[in-house]
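Single-structure report; data block below.
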Amino acid sequence: MLKNTGRNPTASELKEAKRIASLPGHVLRGHPSAISSDKSKLAHINTYVQLPEFYIDMPFTCRDCGKEEIWKAADQKWYYEEMKGHIDARAVRCHDCRIARKENNA
Ligand SMILES: [Zn+2]
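First residue of the sequence shown: 0, per numbering that gives the first Met the number 0; consecutive thereafter.
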């Protein structure tokens with residue numbers, strides 16, 4: 000289960016997220032849209048993987064319908080640190096498809 004912003008990103012938001020996501024790590028670290036991680040909240044993650052130092056908006060393509068979406072940095076932080084999500088877990092479905100799946104499973 001992934002928290003989301005409840006709306007679809009605009010074309011310009013997607014474009015900006017893609018541009019930022021393609022920047023090298025040392026640039027991202029100081030980027031205004033990067034959100035620092037709280038490693039004390041990431042203790043559930045095995046130490047053999049490198050813990051994220053920060054989160055950045057992550058553009059992705061929905062596995063079900065192919066629509067482009069953004070997994071927001073704030074939502075990643077919430078998922079990993081509050082929901083104790085697996086570090087390899089990634090958003091794979093858009094808002095609409097997550098809702099549809101939830102309704103189908105209910
Ligand atoms: Zn979808």
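Here a beta-carbon is modelled for each residue, glycine too, at the ideal position from N, C-alpha and C.
In chain order, what residues of the same chain have a beta carbon less than 6 Å from the beta carbon of residue i, not counting five sequence neighbours either side?
{"i": "methionine 35", "result": "In the sequence as displayed, the identity of residue 35 is serine instead of methionine. Around serine 35: Phe53."}
{"i": "alanine 88", "result": "none"}
Looking only at DSSP bridge pairs, what is residue i linked to?
{"i": "tyrosine 54", "result": "Ile34"}
{"i": "threonine 60", "result": "Glu67"}
Go through its chain and collect everything with a Cβ distance to residue i's Cβ below 7 Å, but skip five positions before and after it.
{"i": "aspartate 63", "result": "Arg92 and Cys96"}
Taking the CB atoms as reference points, tell me whether residue i and residue j lie closer together than 8 Å.
{"i": "leucine 13", "j": "isoleucine 69", "result": "yes"}
{"i": "asparagine 7", "j": "histidine 85", "result": "no"}
{"i": "lysine 38", "j": "leucine 50", "result": "yes"}
If we require 4 or more residues per run, which alpha helix (DSSP H) segments fall completely within the segment 67-102?
72-76
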